[in-house]
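Q:
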Amino acid sequence: VTAAVAGAPARLHKRLADVVGAEAVRSDPGALAAYGIDATPLQRGKPSVVVFPTTTEQVAGVLRTASEAGVGVIPRGAGTNLSAGTVAHHGEILLVLTKMNALLEIDAENLCAVCQPGLQTARLGDAVEAQGLLYPPDPGSRTTATIGGNVAENAGGMRGLKYGVTRDYVLGVEAVLASGEVIRVGGKVVKNVAGYDLTRLLCGSEGTLAVLTELTLRLVPKPQASSVGTAYFGDLASAGRAVSRTLAAGVLPATLEFLDAYCIKTVEAFAGVGLDTSAGALLIFGQDGSAETVSADMERIADACRAEGATDIRRASDAAEATRLMEARRAALPALARLGPITLLEDATVPRSKLAEMVERIEAIAASYGLTIGTFGHAGDGNLHPTCVLASNSAEEVERAHRAFTEIFAAAIELGGVITGEHGVGLAKLPWLEANLGSAQMALLRRIKQAFDPAGILNPGKLGS
Ligand SMILES: Cc1cc2nc3c(=O)[nH]c(=O)nc-3n(C[C@H](O)[C@H](O)[C@H](O)COP(=O)(O)OP(=O)(O)OC[C@H]3O[C@@H](n4cnc5c(N)ncnc54)[C@H](O)[C@@H]3O)c2cc1C
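Each residue of the sequence shown is one higher than the last, beginning at 80 in my numbering.
1) Determine which residues share a DSSP beta bridge with LEU213 and list them.
2) Can you name, in chain order, every residue of its own chain whose Cβ lies under 8 Å from the Cβ of LYS528, other than the five neighbours on each side?
3) Look at the alpha carbon of ARG221 and the alpha carbon of ALA519, and state the distance between them as a whole number of angstroms.
4) Check LEU404 in the structure and name its three-state DSSP category.
5) Suppose you measure from the CA of VAL582 to the CA of VAL268; what does that come to, to the nearest Å?
6) Here's a check: name, in chain order, each residue in its chain whose Cβ is nearer than 6 Å to the Cβ of SER317, leaving out the five neighbours to either side.
7) Over the uninterrupted beta strand (DSSP E) stretch that includes GLU336, give me the two end residues.
8) Can you tell me the Cα-Cα spacing of ILE380 and THR223, whole angstroms?
9) Given 8 Å as the limit, is there contact between the region 364–371 and the region 406–425, that is, 3 or more CB pairs closer than that?
10) Between ALA89 and ASP117, what straight-line distance do the alpha-carbon atoms span, to the nearest angstrom?
11) Is the region 156–165 close to the region 305–314, with three or more CB pairs under 8 Å?
12) Whole angstroms is fine: what's the gap from ASP532's alpha carbon to VAL261's?
13) Is LEU182 closer than 8 Å to PRO132 when the C-beta atoms are compared?
14) Does GLN122 come out as helix, strand or coil in the three-state DSSP assignment?
15) For ligand 1, I want to know if VAL322 counts as a neighbour, meaning its beta carbon is within less than 7 Å of at least one of the ligand's heavy atoms.
16) Which of the three DSSP states is assigned to LYS306 in this structure?
17) Below 8 Å on the Cβ atoms is my contact criterion, and I expect LEU212 with LEU291 to pass it. Report the Cβ-Cβ distance as a whole number of Å.
18) Counting only runs that start and end within the region 402–482, where is the beta strand (DSSP E) found for 3 or more residues in a row?
19) Are ILE185 and VAL166 touching if we call contact CB-CB under 8 Å?
20) Quick check on the DSSP output: what are the complete alpha helix (DSSP H) runs of length 4 or more inside the region 119–179, in order along the chain?
21) Comparing the CB of GLU378 with every heavy atom of ligand 1, is any distance shorter than 7 Å?
22) By the three-class DSSP mapping on this structure, what secondary structure does TYR248 have?
23) In whole angstroms, give me the CA-to-CA distance for ALA192 and PRO302.
24) When every heavy atom of ligand 1 is checked, does at least one fall within less than 7 Å of the C-beta of ARG246?
25) Count the other CB atoms within 10 Å of the CB of ASP460; is the residue buried (16 or more) or exposed (fewer)?
26) Which value, in whole angstroms, describes the spacing of the CA atoms of GLY239 and VAL104?
27) For LEU190, collect the residues of the same chain with a Cβ closer than 6 Å to its Cβ; drop the 5 residues on either side in sequence, then sort them by chain order.
28) Mapping the DSSP letters down to three states, classify ALA321 as helix, strand or coil.
29) Any chance the region 435–453 sits against the region 397–408, with 3 or more Cβ pairs inside 8 Å?
30) Rounding to the nearest angstrom, what Cα-Cα distance links GLU102 and LEU95 in this structure?
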């Protein structure tokens, strides 16, 4: 599927302008360069044209036009994905959904919200909180990323341990198939076994099965109170044991994040929030609920940390300090990114009981390849973000990092984990997917893709190809 036919881009531009209006189609060099990249380092492509639809009918028209022309289509939200999920390598149409960004309804009676895919996650979160409700998924990119991108990647966040990830909040989806047909799957109902669970299948489908044009999302009542605390440890193994001890004590924290020693120093140098840079590991923990539950649980988490040798355990004294601590964790990626010309942020998940062992494996692999890799992530979910800061952008160093990550993913699989917990496969993780899933499962993914998109026009060359 390609637009690489002589004269094709100009004809395609004209046909798309007939569908969405001339002002909503761009194929000037600036637009093609800007939309040729996403947040993934080292990956650059070039679409043949960029379109900005404003209605579901226009999306359907774009897909029909693409099918007729035999050109691929890459749906895109804010382009913050870290797996090259929106990089165009075959002159595809970039279908940018950010103009479809309306919050259509907050339905307090049915505890749900209905929105278009281009709505920013933080805008949804703020709007529902103003009505005493909570939309729990909170990826670090929430002020930029879109709900459509979150659903297509099945994004996680810092509340994942207690509240789950995006897919746990998707009740219904309006989607446009490659044929241009519009389907509505699920809706405001909370119980639904009418047919295969296509809602779940579309979550995490990375723009390869359909274009999401409307989402119905589950909300929960906003907790009355919340609190955040920190505990420093001599090493990450002790912090990992404190996580297990906390969960074994029957506490399910709303937040349980970690930074290793390298990340603590880097974040402190960047954000200056007063972190103890002599520590071997930092746990940031939090709870929400009734004031009594929060108070009792925060004490029990502190007890678990103390029992595992935490040197300094603190609780934020007010909401501003709690926000600062959470921001310190969110600052990990930008802080690391300042240190070198290329920062490779990766994503792997292991059973949480293997967290400390996985970090040790990462440290050993980094040392054997002569690389600097800092690790932070969601301790409660066993989801790690080993992040490699390259000293240069030389091909040799990039290749060395690639080999190190191949070993890191092999270690995650060996420990019973997966090669991505929340950032998706995209182009970047495709080389490792079969090692994780096996050939029979890969073949099944391809047959599912074939059933949705027989001509292979949706996000070609990625998941399911
Ligand atoms: C600083 C930073 C922090 C981050 N923190 C987190 C985090 O905590 N947790 C996490 O999970 N991720 C995180 N991410 C990764 C990224 O933000 C998420 O994957 C996010 O969900 C992507 O949303 P987006 O709108 O930018 O989507 P895009 O990057 O535009 O697209 C992502 C994928 O979704 C598809 N897609 C987009 N919109 C649609 C649609 N309407 N229909 C069909 N397919 C569509 C695209 O084709 C692509 O495959 C982070 C990224 C950055 C840069």
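Built from N, CA and C at the ideal position, the CB exists for glycine as well.
A: So, from the data block:
1) Residue mapping note: residue 213 aligns to position 134 of the sequence shown, counting from 1. DSSP lists VAL299 as partners of LEU213.
2) Residue numbering aside, residue 528 sits at position 449 when the sequence shown is read from its first letter. Residues THR287, LEU288, GLY535, LEU542, GLY543, SER544 of the same chain have their beta carbon placed closer than 8 Å to that of LYS528, with the five preceding and five following residues left out of the count.
3) As a position in the sequence shown, residue 221 is number 142, starting the count at 1. As a position in the sequence shown, residue 519 is number 440, starting the count at 1. Spanning the two alpha carbons is a distance of roughly 36 Å.
4) Along the sequence shown, one-based indexing puts residue 404 at 325. Reduced to three states, the DSSP call for LEU404 is helix.
5) Residue 582 is absent from the model: the chain starts at 80 and stops at 544.
6) If you number the sequence shown from 1, residue 317 lands on position 238. Contacts found: GLU387, GLY388.
7) Taking the sequence shown and counting its residues from 1, the one referred to as residue 336 is at position 257. In the DSSP assignment, GLU336 falls within the unbroken beta strand (DSSP E) covering 334–339.
8) Counting from 1 along the sequence shown, the entry for residue 380 is found at position 301. Counting from 1 along the sequence shown, the entry for residue 223 is found at position 144. In this structure, the alpha-carbon of ILE380 lies about 32 Å from that of THR223.
9) Short answer: they don't touch.
10) Against the sequence shown, residue 89 aligns to sequence position 10. Against the sequence shown, residue 117 aligns to sequence position 38. Their Cα atoms are separated by approximately 24 Å.
11) Taking 8 Å as the limit for Cβ pairs, the verdict is that the region 305–314 does not touch the region 156–165.
12) Here the question's residue 532 lines up with position 453 in the sequence shown. Here the question's residue 261 lines up with position 182 in the sequence shown. Whole-angstrom Cα-Cα distance: 13 Å.
13) As a position in the sequence shown, residue 132 is number 53, starting the count at 1. As a position in the sequence shown, residue 182 is number 103, starting the count at 1. Result no, Cβ atoms of PRO132 and LEU182 do not sit closer than 8 Å.
14) Residue mapping note: residue 122 aligns to position 43 of the sequence shown, counting from 1. Correct three-state label for GLN122: coil.
15) Here residue 322 is taken as the residue at index 243 of the sequence shown, counted from 1. No - ligand 1 has no heavy atom lying nearer than 7 Å to the Cβ of VAL322.
16) If you number the sequence shown from 1, residue 306 lands on position 227. The sequence shown places Ser at residue 306, not Lys. If DSSP states are grouped into helix, strand and coil, SER306 belongs with the strands.
17) Position 133 of the sequence shown, counted from the first residue, corresponds to residue 212. Position 212 of the sequence shown, counted from the first residue, corresponds to residue 291. The beta-carbon separation of LEU212 and LEU291, rounded to 22 Å, does not stay under the 8 Å limit for a contact.
18) Secondary structure in the region 402–482: the beta strand (DSSP E) runs of 3 residues or longer, each lying completely within the stretch, are 421–424, 451–457, 462–469 in chain order.
19) Indexing the sequence shown from 1 puts residue 185 at position 106. Indexing the sequence shown from 1 puts residue 166 at position 87. Taking the C-beta atoms as reference points, VAL166 is found no nearer than 8 Å to ILE185.
20) Secondary structure in the region 119–179: the alpha helix (DSSP H) runs of 4 residues or longer, each lying completely within the stretch, are 135–148 in chain order.
21) On the sequence shown, position 299 is the one that residue 378 refers to. No, the Cβ of GLU378 stays beyond 7 Å of every heavy atom of ligand 1.
22) Locating residue 248 in the sequence shown gives position 169, where the first residue counts as 1. Secondary structure of TYR248 (DSSP, three-state): helix.
23) Here residue 192 corresponds to residue number 113 of the sequence shown, with the count starting at 1. Here residue 302 corresponds to residue number 223 of the sequence shown, with the count starting at 1. ALA192 and PRO302 have their C-alpha atoms some 18 Å from each other.
24) Stepping through the sequence shown from its first residue, residue 246 is reached at position 167. ARG246: no, Cβ never under 7 Å from ligand 1.
25) On the sequence shown, position 381 is the one that residue 460 refers to. Burial of ASP460 is indicated by the presence of at least 16 other C-beta atoms within 10 angstroms of its C-beta.
26) Against the sequence shown, residue 239 aligns to sequence position 160. Against the sequence shown, residue 104 aligns to sequence position 25. Approximately 38 Å between the Cα atoms of the pair.
27) Taking the first residue of the sequence shown as position 1, residue 190 is located at position 111. Same-chain partners within the cutoff: LEU298.
28) Residue mapping note: residue 321 aligns to position 242 of the sequence shown, counting from 1. DSSP places ALA321 in helix when its eight states are reduced to three.
29) By the Cβ rule, the region 435–453 does not count as touching the region 397–408, because fewer than three pairs are nearer than 8 Å.
30) Indexing the sequence shown from 1 puts residue 102 at position 23. Indexing the sequence shown from 1 puts residue 95 at position 16. So the two alpha carbons sit approximately 11 Å from each other.
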